[in-house]
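Here the structure comes first, spelled out in C-alpha cells, and everything after it is commentary.
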Amino acid sequence: KTYGLETLGRIIEQNIDQTKYFVSLIQKHSDELELLSTGSLNIVCFRYIVPHSNNLESEIMNKFNKQLLVTIQERGIAVISTFIIDSNIFALRMCITNHRTKRSDLDTFLEQLLVIAHELLMTPEFFNNK
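Quick note: the sequence shown uses the numbering used here, first residue 418, plus one each step.
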C-alpha cells in the first residue's frame, strides 16, 4: 500500500540488477573468490578461496569461510547468511533485499571482505596452509 505495485516492481528489479553487479565483482576477483550459485533473483552464494588448498580440502575452506562470516558480522559490515552446497561446501550467501542498497555499498562490502580475508590468512590457523 505504501509504494504501490509499480514502485515495488522497480525496487525488486533494482535488487536483481544489484545482484548481477555483485556477481560481476566476484568474477573480477576470481583468483580469490569462487561463485558457487546464483539464483534468478537476488541471491548469490560464493566463498573465499584459501590459497594453496584445493577443493578436496573442503574442511580448511569451510573453516576459513565460517571465520570470515563471523568476523564480517562481528565488525558490523554486513548481514550475510550461509548455505551448505552438496552437503559439504560452506557458502557465504548474499541476499540483497534493502531498497536503499547502492552499488557503492556492494563495492565497500567486497573491499572489506577481502581485507578481512587477508587478515585471516596471516593468522597462525591459516598462515601455513601449504
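We put the beta carbon where it would ideally sit given N, CA and C, even for glycine.
None of these values were measured; they are calculated from a predicted model.
- prompt: Beta carbon of threonine 488, beta carbon of asparagine 459: below 8 angstroms?
  reply: Here residue 488 refers to the residue found at position 71 when the sequence shown is read from its first residue. Here residue 459 refers to the residue found at position 42 when the sequence shown is read from its first residue. Not a contact, by the Cβ cut-off of 8 angstroms.
- request: Report yes or no: do three or more beta-carbon pairs, one from the region 481–500 and one from the region 509–520, lie closer than 8 angstroms?
  value: Yes, they touch.
C-beta atoms of valine 467 and phenylalanine 543 nearer than 8 angstroms: On the sequence shown, position 50 is the one that residue 467 refers to. On the sequence shown, position 126 is the one that residue 543 refers to. Their beta carbons are under 8 angstroms apart, which means valine 467 touches phenylalanine 543 by this criterion.
query: How many angstroms separate the CA atom of glutamate 536 from the CA atom of isoleucine 477?
result: Along the sequence shown, read from residue 1 onward, the residue named residue 536 stands at position 119. Along the sequence shown, read from residue 1 onward, the residue named residue 477 stands at position 60. Put simply, the backbone Cα of glutamate 536 is about 16 angstroms away from that of isoleucine 477.
field: Beta bridge counterpart(s) of isoleucine 460 as assigned by DSSP
entry: The sequence position of residue 460 within the sequence shown is 43, counting from 1. Per DSSP, the beta bridge partners of isoleucine 460 are Cys512.
message: According to DSSP, is serine 441 part of a helix, a strand, or is it coil?
response: Position 24 of the sequence shown holds residue 441. In the three-state scheme derived from DSSP, where H, G and I count as helix and E and B as strand, serine 441 is classed as helix.
Where valine 532 falls, given that 16 or more other Cβ within 10 Å makes a residue buried: Working through the sequence shown from its first residue, we reach residue 532 at position 115. Residue burial annotation: valine 532 is exposed, with fewer than 16 other C-beta atoms found within 10 angstroms of its C-beta.
query: Going straight from the alpha carbon of asparagine 505 to that of glutamate 430, what length do you get?
result: Your numbering for residue 505 matches position 88 in the sequence shown. Your numbering for residue 430 matches position 13 in the sequence shown. Straight-line Cα distance between these residues: approximately 32 angstroms.
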